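Okay, so here's the structure we're looking at.
Residue numbers (our numbering), protein chains in the order written: chain V, 1 to 205; chain R, 1001 to 1202.
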C-alpha cells in the first residue's frame, strides 16, 4: 500500500486543504486574525496551536473511555488549558518578545473552537494515533491560512517578509507606498474573505 | 469618572472587542443569521461579561497575582500562570449558575436566552475580556465598566451584522463568495467604519 493511500495519511492531509479548519469548517477565526500583522507572530501562533491541538487530541483520545459523558466538556477544557499554560510558559521563557506581542492570544487558544471542535468530533471517538495525526493536520491547516494571511498583510502593509525589507528602495523612490490599511483590523477581514473565495473557486474548478 | 467614560466609549467603539480584536468570531458568524437570536445572544454576553470580569478581577488580585497571597502569609507566592485555567473555570461555573438562577426566577428570560447560555462559556470574547483586564491593569470599577461596555460593543456588532445579512439575502453575490467570504468582507467594511470613531478623544 502506498503511503498516500493509508487511512492515517488521509486523516492528516484532509484538513490541510479539502476540510481546512478556517476556510471550510469556519472554526477558530477568533484568534486567527489578530496575530497576522507580522509573519513572525503568525508562525509562532501556528506552532503553539498545532502543539496544543495535537497533544489535546492525543490525551483526550487516550482517556476517551474513562471520561463520563456529562462532564466531558470540563475535562476537555482542563486538558486544553493545561497544555495552553505549558505553551505560554515555554514562549515566555524562550521567546519573550514575541510572547509580549501575542499578548492574550496564546491564552485564547483555550477557547479556540478548533481545539474543542476536534476534541468533541474526532478525539472522543477515535484511537490515539489517528487523533494525534488529525490534531497535527488541523493545526497545520489552520497555521497555513494564518501564515498566508500574515504574508499578504506584512508584504503589502509594511513591505517586509519576516521583518526583512523585500520591496526595494527604488520602488519607494518611484512613488510606491505601503498599504497601511493592511496592518489595520479591517484588512485582515477582507484578506481572509478573498482567500475563502479563491479557495472555493479553485476547489470547485 | 472621565476615565471610566473613556474606557466605556473606547471599548464599545474604537477598540471593539469583535471588530478590532477579533474575539467572539465563531458565535458571531454562527448566530448572526437571525435578528432575534442575535439580540438574545448579545444580551446574554453583556450579562455574563458584567459578572465574570469583576469576579475574575477579585480572584486575580486576591489569589493569583504576584504577592497577592500575602494575606495568607505567602508574600513571595506567584501563581499568576494559573490564570488561564482559573478564569475559564470561573466563566464556566458562572454561566452555569446564571443559567440556574434565571431558570428559577425568570422562566420567560430563560426561554429567551436558554440556548445561548451554554454557548457563551466557550465564547473567546468572555475569556479575552478577562485577560485584557489583567494585561491593562484595570481597577475594580474599571473592570466592571470594561466588562459591560465590551459586551455592549459585541452586541452592537452582532446585531448590525444580523441586520446587514438580512438585506444581503436579496443581493446577487458572486459565486464562491457567498456565505463565509462575503460575511468576512462585510465585517471588514464594518470594522472600517468603526475605526472612524478613533478620532474621538475625551
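Glycine included, each C-beta is placed from N, C-alpha and C at the ideal position.
What you are looking at is a predicted structure, and each value in this text was computed from that prediction instead of being measured.
Exercise for the section: Compare the C-beta of residue 186 of chain V with all C-beta atoms of chain R and state if any pair is closer than 8 Å. Expected result: Counted from its first residue, the first chain places residue 186 of chain V at position 186. Yes, its Cβ sits closer than 8 Å to a Cβ of chain R.
Handout entry: Entirely enclosed alpha helix (DSSP H) segments - the segment 69-107 of chain V, minimum 4 residues
Key = 72-94, 96-102
Practice task
Please look up how many angstroms separate the CB atoms of residue 1019 of chain R and residue 1145 of chain R, rounded, as I've assumed it's under 8 Å.
Solution key: The residue you call residue 1019 of chain R lines up with position 19 of the second chain. The residue you call residue 1145 of chain R lines up with position 145 of the second chain. Not a contact, Cβ separation roughly 19 Å.
Handout entry: Short CB-CB distance (under 8 Å) between residue 116 of chain V and chain R
Key = The count along the first chain starts at 1 and reaches residue 116 of chain V at position 116. Yes, its Cβ sits closer than 8 Å to a Cβ of chain R.
Problem - Nearest to residue 1087 of chain R (by Cα), restricted to the options V/163, V/128, V/78 - result: Looking up residue 1087 of chain R in the second chain gives position 87. Out of V/163, V/128, V/78, V/78 has the C-alpha closest to the C-alpha of residue 1087 of chain R.
Exercise for the section: Name, going along the chain, the residues of the segment 1083-1107 of chain R whose beta-carbon falls closer than 7 Å to a beta-carbon of chain V. Expected result: 1084, 1085, 1088, 1092
Exercise for the section: Can you say whether residue 1071 of chain R is buried or exposed, counting buried as having 16 or more other CB atoms within 10 angstroms of its CB? Expected result: What you label residue 1071 of chain R is simply residue 71 of the second chain in a count that begins at 1. Residue 1071 of chain R comes out exposed.
Handout entry: N- and C-terminal bounds of the alpha helix (DSSP H) containing residue 142 of chain V
Key = Along the first chain, one-based indexing puts residue 142 of chain V at 142. First-last of the alpha helix (DSSP H) with residue 142 of chain V: 128-158.
Exercise for the section: Evaluate residue 125 of chain V with the Cβ neighbour count: other Cβ atoms within 10 Å of its Cβ, from every protein chain shown; 16 or more gives buried, anything less gives exposed. Expected result: In the first chain, counting from the first residue as 1, residue 125 of chain V sits at position 125. Burial call: exposed.
Problem - Delimiting residues of the alpha helix (DSSP H) encompassing residue 185 of chain V - result: Here residue 185 of chain V corresponds to residue number 185 of the first chain, with the count starting at 1. Counting along the chain, the alpha helix (DSSP H) containing residue 185 of chain V begins and ends at 185-204.
Handout entry: Backbone CA spacing between residue 1 of chain V and residue 7 of chain V [nearest angstrom]
Key = Here residue 1 of chain V corresponds to residue number 1 of the first chain, with the count starting at 1. Here residue 7 of chain V corresponds to residue number 7 of the first chain, with the count starting at 1. Note that residue 1 of chain V scores 47 on pLDDT, short of 50, meaning its location in the model is unreliable; the coordinates nonetheless yield the value given after this. Their backbone Cα atoms lie some 11 Å apart in a straight line.
Handout entry: the segment 1187-1199 of chain R in contact with the segment 1047-1065 of chain R per 3-pair CB rule at 8 Å
Key = no
Problem - Neighbour flag for residue 52 of chain V against chain R, beta carbons, 8 Å - result: By one-based count along the first chain, residue 52 of chain V stands at place 52. So no, residue 52 of chain V is outside the interface.
Problem - residue 1139 of chain R, buried or exposed, once every other Cβ within 10 Å from all chains shown has been counted against 16 - result: What you label residue 1139 of chain R is simply residue 139 of the second chain in a count that begins at 1. Counting Cβ neighbours within 10 Å, residue 1139 of chain R comes out exposed, since fewer than 16 surround it.
Problem - Cβ-heavy atom distance, residue 132 of chain V to the ligand SAH, below 7 Å - result: Judged by which ligands are present, the structure shown has none, so any question about the ligand SAH falls away.
Exercise for the section: Figure out for me which residue from R/1032, R/1060, R/1024, R/1028 has the closest Cα to the Cα of residue 1135 of chain R. Expected result: As a first step, residue 1135 of chain R must be located in the second chain, where it is residue number 135. Among R/1032, R/1060, R/1024, R/1028, the Cα nearest to that of residue 1135 of chain R is on R/1060.
Practice task
Determine which residues of the segment 46-80 of chain V have a Cβ less than 9 Å from any Cβ of chain R, and write them out in chain order.
Solution key: 73, 74, 77, 78, 80
Handout entry: Secondary structure of residue 164 of chain V, DSSP reduced to three states
Key = In the first chain, counting from the first residue as 1, residue 164 of chain V sits at position 164. In the structure shown, residue 164 of chain V sits in a strand (DSSP, three-state: E or B).
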